[in-house]
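Asker: Final position of the sequence shown in full-length UniProt numbering is 331; the numbers increase by one with none missing.
Built from N, CA and C at the ideal position, the CB exists for glycine as well.
The model shown is predicted, which means the values in this text are computed figures rather than measured ones.
My questions will all concern the structure given below.
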Amino acid sequence: MKELNDKNEWMLKVKTKNRNHTSKRPEILKIATDYYRDLYHSKNLRLLIEEPNFIDLEPIPEILTEETIKAINTQKADKAPGADQITNELLKSTLPAIAPILTNLFNEILETETIPEDWTRSTIILLHKKGDKEEIGNYRPISLMSNIYKVFSRIILSRITRVLDENQPKEQAGFRSGYSTIDHIHVLRQIVQKYSEYNKFYYLGFVDFNKAFDTLEHEYIWDALHSQGIQGKYIRILRNIYSKSTARVKLDRTSEEFPIERGVRQGDPISPKLFSAVLEKIFRNLEWNDYGLNDIDMDSMSRNSAVSYEREKVYESYARAYSHVPGRKLA
1 MKELNDKNEW
11 MLKVKTKNRN
21 HTSKRPEILK
31 IATDYYRDLY
41 HSKNLRLLIE
51 EPNFIDLEPI
61 PEILTEETIK
71 AINTQKADKA
81 PGADQITNEL
91 LKSTLPAIAP
101 ILTNLFNEIL
111 ETETIPEDWT
121 RSTIILLHKK
131 GDKEEIGNYR
141 PISLMSNIYK
151 VFSRIILSRI
161 TRVLDENQPK
171 EQAGFRSGYS
181 TIDHIHVLRQ
191 IVQKYSEYNK
201 FYYLGFVDFN
211 KAFDTLEHEY
221 IWDALHSQGI
231 QGKYIRILRN
241 IYSKSTARVK
251 LDRTSEEFPI
261 ERGVRQGDPI
271 SPKLFSAVLE
281 KIFRNLEWND
291 YGLNDIDMDS
301 MSRNSAVSYE
311 REKVYESYAR
321 AYSHVPGRKL
331 A
């Protein structure tokens, strides 16, 4: 890797599909572009989800200037802008003048559900996560998009968060205010200690999502939001944004555009909530009443084939629930 402009890095060489190496700049860009074009290409040609009727159960209130101001103030400083080159610092420095103008724009979008073209475009930069730096799959794609869109996204997020949180069980600690995985680790340790103390069997199921944000099929997202009570207008607006989304990969030069047919954009404020909504939909598909610990007589179990049989029942229940999630690994 080589430093560029203090923060950005570029790849000096990467591995090709036949496991050779290349350091030629056009070839590296092509490898990265082909990788993400394929990653964001929908693999479900025929989804078994009926097109829901996204209706509005009640009128959607207009966006207030106060909502816009709050969203702008929430935006972090020193973040790269999208194609419009409007930074968060610029928005904050012109807040009294720009907030009413943006509020009018947002309300027009809310009314017409017509999305500015710039909002559907993003530029992908790559940040190394871990592992071999010559493996293109070891980089996290960050989508640079319009900061004005992010302000709008934060407003929509603030409006749908309460409904989504009300649909989340207390077991879900991800992307929720007031929740922490530390509490869940404590509960898990207590369960393990108590079951071990009384010589009882217990089962831990781990699901590893490979490229979790990047492989969510869009139809599953809208179905999950609909099933959890999100107003139709918000779903339609989000769907309109995603249905027209395109991206380009930027290294030391920029690739041609390609369509984004699946995945949520890393860098979009609303993306984590969309992901957790899909997870909740998956957990609801688990057959809790038929499988799992509730179906196991812990007092009568012993180290015999019955234990293996019950373990397989639990595993199969997880496997069925996660059957439509790309990149999943069960352990």
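Below 7 Å between beta carbons: does that hold for P61 and L157?
Answerer: Residue mapping note: residue 61 aligns to position 61 of the sequence shown, counting from 1. Residue mapping note: residue 157 aligns to position 157 of the sequence shown, counting from 1. Cβ distance not < 7 Å, so P61 and L157 don't count as in contact.
Asker: Let me check one thing: in DSSP terms, what residues is Y139 bridge-paired to?
Answerer: The residue given as residue 139 occupies position 139 in the sequence shown. Partner(s): H128.
Asker: Starting from the C-beta of L39, find all residues in its chain whose C-beta is less than 6 Å away, skip the five residues before and the five after it, and write them out in chain order.
Answerer: By 1-based counting over the sequence shown, the position of residue 39 is 39. Only D214 meet the Cβ criterion.
Asker: Assuming S42 and E261 make a contact with CB atoms under 8 Å, what is their CB distance in whole Å?
Answerer: Along the sequence shown, read from residue 1 onward, the residue named residue 42 stands at position 42. Along the sequence shown, read from residue 1 onward, the residue named residue 261 stands at position 261. At roughly 4 Å, the Cβ-Cβ gap stays under 8 Å, so S42 and E261 are in contact.
Asker: Among the candidates S93, F152, Y139, whose CA atom is the shortest distance from the CA of I63?
Answerer: Here residue 63 refers to the residue found at position 63 when the sequence shown is read from its first residue. Closest option to I63, Cα to Cα, is F152.
Asker: What is the DSSP secondary structure of V278, reduced to helix, strand or coil?
Answerer: The residue labelled residue 278 in the question sits at position 278 within the sequence shown. Three-state DSSP puts V278 in a helix.
Asker: Between which two residues does the alpha helix (DSSP H) harbouring V151 extend?
Answerer: Along the sequence shown, read from residue 1 onward, the residue named residue 151 stands at position 151. First-last of the alpha helix (DSSP H) with V151: 147-166.
Asker: Starting from V187, follow the alpha helix (DSSP H) in both directions and report where the run begins and ends.
Answerer: On the sequence shown, residue 187 is found 187 positions in, with the first residue counted as 1. From DSSP, the alpha helix (DSSP H) with V187 extends over 181-197.
Asker: Could you check the C-alpha separation between K191 and L126 for me, to the nearest Å?
Answerer: Here residue 191 corresponds to residue number 191 of the sequence shown, with the count starting at 1. Here residue 126 corresponds to residue number 126 of the sequence shown, with the count starting at 1. The sequence shown places Ile at residue 191, not Lys. Distance between the alpha carbons of I191 and L126: 40 Å.
Asker: Does the beta-carbon of N20 have 16 or more other beta-carbons within 10 angstroms, so that it is buried, or is it exposed?
Answerer: Position 20 of the sequence shown, counted from the first residue, corresponds to residue 20. Exposed.
Asker: In its own chain, which residues sit with a C-beta less than 8 Å from the C-beta of I109, not counting the 5 before and 5 after it?
Answerer: Against the sequence shown, residue 109 aligns to sequence position 109. Closer than 8 Å at Cβ, skipping near neighbours: I115, P116, F152, I237.
Asker: Secondary structure at S122, three-state DSSP: helix, strand or coil?
Answerer: Taking the sequence shown and counting its residues from 1, one reaches residue 122 at position 122. Strand at S122.
Asker: What are the boundary residues of the alpha helix (DSSP H) that T112 is part of?
Answerer: Start at 1 with the first residue of the sequence shown, and residue 112 comes out as number 112. T112 -> alpha helix (DSSP H) spans 95-112.
Asker: What are the boundary residues of the alpha helix (DSSP H) that includes R265?
Answerer: Residue mapping note: residue 265 aligns to position 265 of the sequence shown, counting from 1. R265 -> no alpha helix (DSSP H), and no H or E assigned at all.
Asker: Measure the CB-CB distance between R154 and T74 and report whether it falls below 7 Å.
Answerer: Here residue 154 is taken as the residue at index 154 of the sequence shown, counted from 1. Here residue 74 is taken as the residue at index 74 of the sequence shown, counted from 1. The answer is yes: Cβ separation under 7 Å.
Asker: Just the C-alpha distance for L90 and P96, rounded to the nearest angstrom, thanks.
Answerer: The residue given as residue 90 occupies position 90 in the sequence shown. The residue given as residue 96 occupies position 96 in the sequence shown. In a straight line, the C-alpha of L90 is about 12 Å away from that of P96.
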